[in-house]
Amino acid sequence: SDSISIDAPRSEMGYVRGYFLAAVTAALTASASYYCYKHVGLPDWYWRAKLPPRVRDIDVSDTETLKQVLFSGEPWLLQCYSGLPYEGQHLPRRYRLHAAFTESLKSLHGHVQAGTLDCEQPLPSNRTLVTKYGLVRRTQPLLIFAAGGHNPKQVPSGSSSSAYAITAWVKPKAEPRILTVNTQQQLRGACGGRRPCLLTRMDADSVVLQKLASHFRTLEVVGIPESDGATLSWGRGQEVGETLDDEEAKHFGKRTVMLRMDPDSPPKKKQSHPVRLLRGFNDEEDFPSLSRFITKALAATGEEGWVRTQLPTLNAVASRPKKAIKNDNAEVQARRARQRAEARAKDNVEAAERAAKRQQESELDEADLQREREIRARARMAAEEEQAGNIVEEVDEESEAIVDDWAVEVDEEEDEEEAVDLDL
1 SDSISIDAPR
11 SEMGYVRGYF
21 LAAVTAALTA
31 SASYYCYKHV
41 GLPDWYWRAK
51 LPPRVRDIDV
61 SDTETLKQVL
71 FSGEPWLLQC
81 YSGLPYEGQH
91 LPRRYRLHAA
101 FTESLKSLHG
111 HVQAGTLDCE
121 QPLPSNRTLV
131 TKYGLVRRTQ
141 PLLIFAAGGH
151 NPKQVPSGSS
161 SSAYAITAWV
171 KPKAEPRILT
181 VNTQQQLRGA
191 CGGRRPCLLT
201 RMDADSVVLQ
211 KLASHFRTLE
221 VVGIPESDGA
231 TLSWGRGQEV
241 GETLDDEEAK
251 HFGKRTVMLR
261 MDPDSPPKKK
271 QSHPVRLLRG
281 FNDEEDFPSL
291 SRFITKALAA
301 TGEEGWVRTQ
311 LPTLNAVASR
321 PKKAIKNDNA
331 EVQARRARQR
341 AEARAKDNVE
351 AAERAAKRQQ
361 ESELDEADLQ
371 REREIRARAR
381 MAAEEEQAGN
391 IVEEVDEESE
401 AIVDDWAVEV
411 DEEEDEEEAV
421 DLDL
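So this is what it looks like as structure tokens:
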């Protein structure tokens with residue numbers, strides 16, 4: 001019994017010691033986890049898995065991916081982290097998504113691709129996207145739209161406050177477009193850049209071109225209207241009396257050609273005729289044929305199937321001078337001035353007539369008022385005369401009554417005197 005009583009306290013002390021060590025271990029584990037969450041963070045794959053399925057995480061340090069997103073021509077709607085707090089600020093920087101941004105993606109499905117990136121992260125040039133493109137940090141959410149191979153644009157603050165405003169601003173700009181060029185400068189701007197260019201003489205309203213522009217968003221579809229009489233001059237072939245071999249002849253003089261940048265040509269800014277790689281189209285101008293031609297051309301990596309040439313010259317027909325109109329502008333202005341003067345004179349006459357009529361009506365009203373005043377005055381005087389006559393008659397009657405009374409009194413006094421005399 002003594003041994004049992006001695007071992008019992010020892011076992012209780014062991015339980016207390018084990019409980020204390022477990023509590024300390026749990027506290028240290030929680031503190032370490034909190035520190036890692038606040039200062040180290042959870043793995044990127046965890047936060048990337050929590051992003052909406054249509055939002056892509058874009059790493060700014062990946063230069064090739066960033067160029068593909070911003071300048072490929074595909075429409076992208078991107079949310080930038082700008083260093084200012086907003087909804088979701090407890091998340092890492094690249095994964096902070098605004099509710100208006102995620103809600104707008106529902107109505108923009110099929111029109112744009114969505115992504116998120118850190119615009120404060122330095123680029124290889126030691127600049128950030130905020131400083132490079134002049135983004136305004138105070139606009140929340142900070143959204144940029146990239147499409148058409150041009151520099152990305154920031155969605156204005158008035159158009160980023162709600163999902164409806166974002167959709168209304170982005171959707172028209174994300175629609176596929178077909179450019180129509182009429183000058184050499186327009187042709188160089190459309191087909192002299194980084195993006196491949198489909199140059200065609202087909203009608204810009206063609207359903208085939210609309211489908212191509214919608215299907216190949218990285219391609220610039222450019223039309224030259226035949227109705228204007230504009231022509232393209234390549235400076236090769238029959239244009240200059242040159243005999244081309246079969247490999248070159250199939251590329252020049254075609255209604256539809258593909259142009260892309262020559263990677264071996266030295267970069268020259270503002271060059272009117274930059275060197276391009278040319279591939280001609282020699283099949284039916286329907287969507288399946290053109291789609292196969294474009295797909296094959298975009299997939300080609302080398303120079304096989306291409307011919308090197310300069311950007312063609314667009315010869316636009318000079319516009320004819322306008323014929324002189326029989327009634328020139330001076331005569332038209334003089335006629336209009338006469339019409340305005342006649343209208344003003346007519347208005348003045350009508351105004352004078354209205355003023356005279358109002359004056360006459362006012363005079364008539366004044367005469368009627370004067371006559372009414374005179375009638376009232378006569379009636380008042382007649383009433384006063386009648387009242388005065390009544391007063392005179394009453395006075396006469398009272399006088400007569402007084403005289404009669406006085407006469408009676410006198411007679412009575414005389415009778416009394418006579419009676420006195422008789423008594424005497």
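For the sequence shown, my numbering begins at 1 and goes up steadily by one. For glycine and all other residues, C-beta sits at the position ideal for the given N, C-alpha and C. All values derive from a computational prediction rather than experimental measurement.
For the beta strand (DSSP E) containing residue i, list its first residue and its last residue.
{"i": "T256", "result": "256 to 261"}
{"i": "T200", "result": "197 to 200"}
{"i": "T218", "result": "Element bounds for T218: n/a, residue is neither H nor E."}
{"i": "V55", "result": "55 to 57"}
{"i": "T231", "result": "231 to 233"}
{"i": "T313", "result": "313 to 315"}
{"i": "L77", "result": "76 to 81"}
Compare the Cα-Cα distances from residue i to each of the options and report the closest residue.
{"i": "T183", "options": "P225, E386, R292, L277", "result": "P225"}
{"i": "Q450", "options": "T200, H251, Y19, L277", "result": "Within the shown structure, residues of the chain are numbered from 1 to 424, placing residue 450 beyond reach of any answer."}
{"i": "C80", "options": "S125, K67, F145, K346", "result": "F145"}
{"i": "Q113", "options": "P53, E385, V24, A99", "result": "P53"}
{"i": "F216", "options": "S206, V60, S61, P196", "result": "P196"}
{"i": "R137", "options": "E248, S72, P156", "result": "P156"}
{"i": "E64", "options": "L314, P124, Q370, L77", "result": "P124"}
{"i": "S265", "options": "Q387, F281, V16, R308", "result": "R308"}
{"i": "T301", "options": "Q333, L28, D283, P263", "result": "P263"}
{"i": "G189", "options": "G149, S161, R201", "result": "G149"}
{"i": "N151", "options": "L70, E285, A351, N348", "result": "L70"}
{"i": "A174", "options": "G73, E350, R335, T25", "result": "G73"}
{"i": "W45", "options": "A32, Y34, D59, Y35", "result": "D59"}
{"i": "R194", "options": "P122, P176, P274", "result": "P274"}
{"i": "K106", "options": "R338, D118, A168", "result": "A168"}
{"i": "G110", "options": "Q121, C119, V170", "result": "V170"}
To the nearest whole angstrom, what separates the beta carbons of residue i and residue j, a pair I think is in contact under 8 Å?
{"i": "V97", "j": "V55", "result": "According to the sequence provided, residue 97 is Leu. The question's Val does not apply to it. Contact holds; Cβ gap of about 7 Å."}
{"i": "M258", "j": "R279", "result": "5 Å"}
{"i": "I166", "j": "S104", "result": "4 Å"}
{"i": "L490", "j": "L108", "result": "Outside the shown range of the chain, which is 1 to 424, sits residue 490, and nothing can be said about it."}
{"i": "R127", "j": "R201", "result": "The Cβ separation is near 43 Å, so there is no contact."}
{"i": "A100", "j": "S161", "result": "7 Å"}
With a CB to CB cut of under 8 Å and the five nearest residues on each side skipped, what residues in its chain are close to residue i?
{"i": "L212", "result": "L198, L219, V221, F287, L290, S291, I294"}
{"i": "L51", "result": "D57, Y95, L97, T116"}
{"i": "V16", "result": "none"}
{"i": "I4", "result": "Annotation note: pLDDT 47 at I4 (below 50); position unreliable, no value reported."}
{"i": "A388", "result": "none"}
{"i": "F178", "result": "Before going further, note that residue 178 is Ile rather than Phe in the sequence given. Once the five neighbours on either side are set aside, the close Cβ partners of I178 are A204, L209, Q210, A213, V221, V222, G223."}
Residues in its own chain within less than 6 Å of residue i by CB, not counting five upstream and five downstream?
{"i": "Q154", "result": "L135, I144"}
{"i": "I6", "result": "Unreliable positioning characterises I6 in this predicted model, as indicated by a pLDDT of 49, which lies under 50. A coordinate reading is not provided."}
{"i": "S1", "result": "A caution first: S1 carries a pLDDT of 45, below 50, which makes its placement in the model unreliable, though a value can still be read off. Within the same chain, S1 has no close Cβ partners at all."}
{"i": "D283", "result": "S289"}
{"i": "W306", "result": "L277, R279"}
{"i": "F20", "result": "none"}
{"i": "L187", "result": "V181, L314"}
Specify, as a first and last residue, the run of the alpha helix (DSSP H) that residue i falls within.
{"i": "L70", "result": "63 to 71"}
{"i": "L187", "result": "184 to 191"}
{"i": "D246", "result": "246 to 249"}
For residue i and chain C, any beta-carbon pair shorter than 8 Å?
{"i": "D365", "result": "This model lacks chain C altogether; it includes just one protein chain."}
Please specify which runs of the beta strand (DSSP E), each continuous and at least 3 residues long, are wholly inside the stretch 272 to 309, giving them in chain order.
275 to 280
My parser needs the alpha helix (DSSP H) runs of 4 or more residues fully inside the stretch 86 to 135; what are they?
Those alpha helix (DSSP H) runs which fall completely within the stretch 86 to 135 and span 4+ residues are 99 to 107, 129 to 132.
Restricting to runs no shorter than 3 residues, where is the beta strand (DSSP E) found entirely within the stretch 130 to 181?
142 to 146
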